[in-house]
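Asks: Note that the protein sequences, when read in sequence, are chains U and F. Counted from 1, the first sequence has number 49 at position 15 by my numbering; the numbering is strictly sequential. Counted from 1, the second sequence has number 225 at position 191 by my numbering; the numbering is strictly sequential. Note that CB positions come from ideal geometry on N, CA and C, so glycine has one too.
2 protein chains.
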Amino acid sequence: MKIDDKILNAAIDMIAKKGYKGATTKEIAEKASVSEMTLFRHFGSKKKILEAAVDRYYYSIQMKELFEQKVTWELDKDLLMVAETYHNLMKKNKNVIKIAIQEGSRVKGLLEQVNKHPRQLKELLINYFEEMNRRGLVVDSEYELQAMNFLYMSYGHFISRSFVSGESITSIAEDNIITGGVKVFVENLTPERSKAVMQ
Amino acid sequence: MKIDDKILNAAIDMIAKKGYKGATTKEIAEKASVSEMTLFRHFGSKKKILEAAVDRYYYSIQMKELFEQKVTWELDKDLLMVAETYHNLMKKNKNVIKIAIQEGSRVKGLLEQVNKHPRQLKELLINYFEEMNRRGLVVDSEYELQAMNFLYMSYGHFISRSFVSGESITSIAEDNIITGGVKVFVENLTPERSKAVMQ
DNA sequence: AGCTATAGTTAGTACTAACTAACAGAAGTC
DNA sequence: GACTTCTGTTAGTTAGTACTAACTATAGCT
Numbered sequence: 035m036k037i038d039d040k041i042l043n044a045a046i047d048m049i050a051k052k053g054y055k056g057a058t059t060k061e062i063a064e065k066a067s068v069s070e071m072t073l074f075r076h077f078g079s080k081k082k083i084l085e086a087a088v089d090r091y092y093y094s095i096q097m098k099e100l101f102e103q104k105v106t107w108e109l110d111k112d113l114l115m116v117a118e119t120y121h122n123l124m125k126k127n128k129n130v131i132k133i134a135i136q137e138g139s140r141v142k143g144l145l146e147q148v149n150k151h152p153r154q155l156k157e158l159l160i161n162y163f164e165e166m167n168r169r170g171l172v173v174d175s176e177y178e179l180q181a182m183n184f185l186y187m188s189y190g191h192f193i194s195r196s197f198v199s200g201e202s203i204t205s206i207a208e209d210n211i212i213t214g215g216v217k218v219f220v221e222n223l224t225p226e227r228s229k230a231v232m233q
Numbered sequence: 035m036k037i038d039d040k041i042l043n044a045a046i047d048m049i050a051k052k053g054y055k056g057a058t059t060k061e062i063a064e065k066a067s068v069s070e071m072t073l074f075r076h077f078g079s080k081k082k083i084l085e086a087a088v089d090r091y092y093y094s095i096q097m098k099e100l101f102e103q104k105v106t107w108e109l110d111k112d113l114l115m116v117a118e119t120y121h122n123l124m125k126k127n128k129n130v131i132k133i134a135i136q137e138g139s140r141v142k143g144l145l146e147q148v149n150k151h152p153r154q155l156k157e158l159l160i161n162y163f164e165e166m167n168r169r170g171l172v173v174d175s176e177y178e179l180q181a182m183n184f185l186y187m188s189y190g191h192f193i194s195r196s197f198v199s200g201e202s203i204t205s206i207a208e209d210n211i212i213t214g215g216v217k218v219f220v221e222n223l224t225p226e227r228s229k230a231v232m233q
């Protein structure tokens with residue numbers, strides 16, 4: 035791993051754990067196994083380290099393309115795929131997401147970065163529901179509302195488990211919660227006539 | 035307002051905004067309109083201020099009693115009531131919830147405090163679903179799973195709106211999202227025969 | 001009026017964190 | 001082998017922060 039990467043990884047880790055002010059350059063240097071001087075030589079200041087980290091280390095994907103590859107036009111499978119993709123994406127970006135909650139508008143570009151995926155997912159779901167409706171596989175509904183609540187459910191699950199309650203509120207496994215949540219929306223959006231067929 | 039209260043309010047505010055390390059005793063004193071000395075005379079140290087604030091200023095209610103008073107045994111009304119109660123509770127405790135995400139286990143008693151309501155709500159919902167099931171008003175299902183996803187949906191909505199995206203992802207009003215989310219679960223849990231009756 | 005309790009003020013201490021300067025050593029390139 | 005580039009090391013500067021000490025001022029109570 036290159037030295038820049040070691041520094042940025044260590045920085046994201048420590049800042050997510052202790053907050054921007056709470057994480058010291060000394061700690062970051064130690065965690066990255068480089069000397070403190072090297073941080074400053076590479077990035078100039080602590081603030082710039084964080085900015086570079088957010089910019090380069092937010093794992094980002096093109097939802098639309100991925101979705102188009104994987105879509106099956108079966109509501110349960112597709113929603114599960116979206117939920118799992120979103121969940122995995124948040125896991126990969128866990129530290130940056132935490133920093134976004136903590137530092138929010140104090141780091142330029144951070145909120146935009148973090149809001150990118152939800153925004154993409156919302157649009158993607160709306161379009162998907164509309165197409166499914168044309169095919170007679172999804173009932174008439176307010177799709178943006180449905181999409182938002184679906185995403186909020188995933189988001190709440192992730193945040194709660196990752197940052198505040200862990201396993202301490204429910205012992206149900208992560209995967210079961212996700213499939214259970216998907217089921218609720220599938221049930222809700224599937225037309226009556228298709229339900230009979232499916233059963 | 036008493037001087038202790040002014041200090042604790044100011045402290046919660048500043049620490050939620052800037053993090054524990056980021057909020058200085060000087061700022062807290064200014065915001066509380068008292069001298070910095072008064073902070074230390076009243077609470078001894080910065081850490082003790084936060085602990086006192088979390089201890090005294092986490093607005094807490096007895097869910098069970100409130101619920102028993104308000105329950106109507108109509109699924110849609112009851113779930114809406116729970117969702118609104120939960121949402122309002124989180125709004126009141128917004129700052130403490132943010133501090134819990136940020137400082138987590140570094141402040142003793144904090145996570146326990148913040149996890150109390152979700153835990154209560156989970157149990158309450160499970161019992162409610164079971165009773166509704168006995169009355170033939172809710173289908174057989176995994177009630178803990180349903181309860182968790184219902185709560186995660188509310189939680190995700192609150193966190194997203196309050197701390198990271200604001201209104202920037204959807205323009206749908208808060209209340210509409212809540213009622214929409216409730217509808218999904220109502221639809222999902224209502225037995226077929228009751229649906230016909232209701233329509 | 002005098003006592004008590006409490007808040008404000010000012011000055012100061014001890015410590016820590018971000019950041020700099022200057023030098024020394026190691027590795028690769030020509 | 002000299003030159004360049006990069007990293008480590010050490011020592012130090014500067015600024016800010018939690019916290020203390022000692023004195024002053026004020027307001028309520030008797």
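Under 9 Å, CB to CB, which of the residues in the segment 152–164 of chain F have a partner in chain U?
Replies: Residues passing the 9 Å Cβ filter: Pro152, Arg153, Lys156.
Asks: Tell me which residue opens and which closes the alpha helix (DSSP H) that F/Lys128 is part of.
Replies: Locating residue 128 of chain F in the second sequence gives position 94, counting from the first residue. That run of the alpha helix (DSSP H) goes 128–137.
Asks: In angstroms with no decimal places, state the Cα-to-Cα distance between F/Thr224 and F/Gln180.
Replies: Position 190 of the second sequence, counted from the first residue, corresponds to residue 224 of chain F. Position 146 of the second sequence, counted from the first residue, corresponds to residue 180 of chain F. Whole-angstrom Cα-Cα distance: 13 Å.
Asks: Is any beta-carbon of chain F found at less than 8 Å from that of U/Gln147?
Replies: The residue given as residue 147 of chain U occupies position 113 in the first sequence. No - not a single Cβ of chain F is within 8 Å of the one on U/Gln147.
Asks: Please return the same chain residues whose Cβ sits closer than 7 Å to the Cβ of F/Ile49, not counting the five positions on each side in sequence.
Replies: Within the second sequence, the letter at position 15 stands for residue 49 of chain F. Taken in chain order, the residues that qualify are Ala57, Leu84, Ile133.
Asks: Among U/Asp174, U/Glu226, U/Thr213, which one has its Cα closest to the Cα of U/Asp110?
Replies: Stepping through the first sequence from its first residue, residue 110 of chain U is reached at position 76. Checking every option, the nearest Cα to that of U/Asp110 belongs to U/Thr213.
Asks: Where U/Glu176 and U/Ser94 are concerned, what is the direct C-alpha to C-alpha distance, given to the nearest angstrom?
Replies: Working through the first sequence from its first residue, we reach residue 176 of chain U at position 142. Working through the first sequence from its first residue, we reach residue 94 of chain U at position 60. Approximately 28 Å, taken between the alpha carbons.
Asks: The alpha helix (DSSP H) that contains U/Arg153, what's its start and end?
Replies: If you number the first sequence from 1, residue 153 of chain U lands on position 119. U/Arg153 -> alpha helix (DSSP H) spans 144–168.
Asks: Quick one: any contact between the segment 65–81 of chain F and the segment 110–130 of chain F, if contact means 3 or more CB pairs under 8 Å?
Replies: The answer is no - the segment 110–130 of chain F does not touch the segment 65–81 of chain F, with fewer than three Cβ pairs under 8 Å.
Asks: Roughly how many angstroms separate the alpha carbons of F/Asp112 and U/Leu42, rounded to a whole number?
Replies: Locating residue 112 of chain F in the second sequence gives position 78, counting from the first residue. Locating residue 42 of chain U in the first sequence gives position 8, counting from the first residue. So the alpha carbons of these two residues sit roughly 48 Å apart.
Asks: What's the gap between the Cα of F/Glu208 and the Cα of U/Lys36?
Replies: For the purposes of this step, residue 208 of chain F is identified with residue 174 of the second sequence, where counting begins at 1. For the purposes of this step, residue 36 of chain U is identified with residue 2 of the first sequence, where counting begins at 1. Going by the C-alpha atoms only, they are around 46 Å apart.
Asks: Could you work out which residues of chain F lie near U/Ala134, taking near to mean beta carbons separated by less than 9 Å?
Replies: As a position in the first sequence, residue 134 of chain U is number 100, starting the count at 1. By Cβ distance, chain F contributes Phe197, Val198.
Asks: If you measure from the beta carbon of U/Gln233 to each beta carbon in chain F, is any gap under 8 Å?
Replies: Position 199 of the first sequence, counted from the start, is the residue given in the question as residue 233 of chain U. Reliability fails at U/Gln233, whose pLDDT of 48 lies under 50, so the model's placement of it is uncertain and the value that follows must be treated cautiously. Answer no: the Cβ-Cβ gap between U/Gln233 and chain F never drops below 8 Å.
Asks: Going by beta carbon distance, what residues of the same chain come within less than 8 Å of U/Pro152, once the five residues before and after it are set aside?
Replies: Taking the first sequence and counting its residues from 1, one reaches residue 152 of chain U at position 118. Correct list, in chain order: Leu185, Tyr189.
Asks: What residues in the segment 170–182 of chain F have a beta carbon less than 8 Å from any beta carbon of chain U?
Replies: Under the 8 Å Cβ criterion, the segment 170–182 of chain F contributes Glu176, Glu178, Leu179, Gln180, Met182.
Asks: Hey, could you find the ends of the alpha helix (DSSP H) U/Glu64 is sitting in?
Replies: As a working mapping, residue 64 of chain U is identified with position 30 in the first sequence. Run containing U/Glu64: 59–66, per the alpha helix (DSSP H) assignment.
Asks: Could you tell me how far apart the beta carbons of U/Asn23 and F/Glu221 are, in whole angstroms, since I believe they sit closer than 8 Å?
Replies: Absent from the structure is residue 23 of chain U, since the part of chain U shown begins at 35 and ends at 233.
Asks: I want to verify the contact list: residues of chain U whose CB lies under 7 Å from the CB of F/Lys80, in sequence order.
Replies: Start at 1 with the first residue of the second sequence, and residue 80 of chain F comes out as number 46. Near F/Lys80 there are no residues of chain U at all, since even the closest Cβ is about 13 Å away, more than 7 Å.
Asks: I want to verify the contact list: residues of chain U whose CB lies under 7 Å from the CB of F/Tyr186, in sequence order.
Replies: As a first step, residue 186 of chain F is located in the second sequence; it is residue number 152 there, counting from the start. Going along chain U in sequence order, the residues near F/Tyr186 (Cβ under 7 Å) are Met187, Gly190, His191, Ser194.
Asks: Verify whether the separation of the beta carbon atoms of U/His191 and U/Ile211 is less than 8 Å.
Replies: Counting from one through the first sequence, the residue named residue 191 of chain U turns up at place 157. Counting from one through the first sequence, the residue named residue 211 of chain U turns up at place 177. In contact: U/His191 and U/Ile211 (Cβ atoms closer than 8 Å).
Asks: Using a Cβ-Cβ cut-off of less than 7 Å, list which residues of the segment 215–229 of chain U approach chain F; keep chain order.
Replies: Against chain F - using a Cβ distance shorter than 7 Å - the residues of the segment 215–229 of chain U are Gly215, Val218, Phe219, Glu221, Asn222.
Asks: Closer than 7 Å by beta-carbon distance: list the chain U residues that pair up with F/Gly143, in chain order.
Replies: On the second sequence, position 109 is the one that residue 143 of chain F refers to. Going along chain U, no residue has its Cβ under 7 Å from F/Gly143, so there is no contact; the nearest lies around 14 Å.
Asks: Within the 8 Å Cβ cut-off, does F/Asn122 reach chain U?
Replies: The residue labelled residue 122 of chain F in the question sits at position 88 within the second sequence. Not an interface residue.
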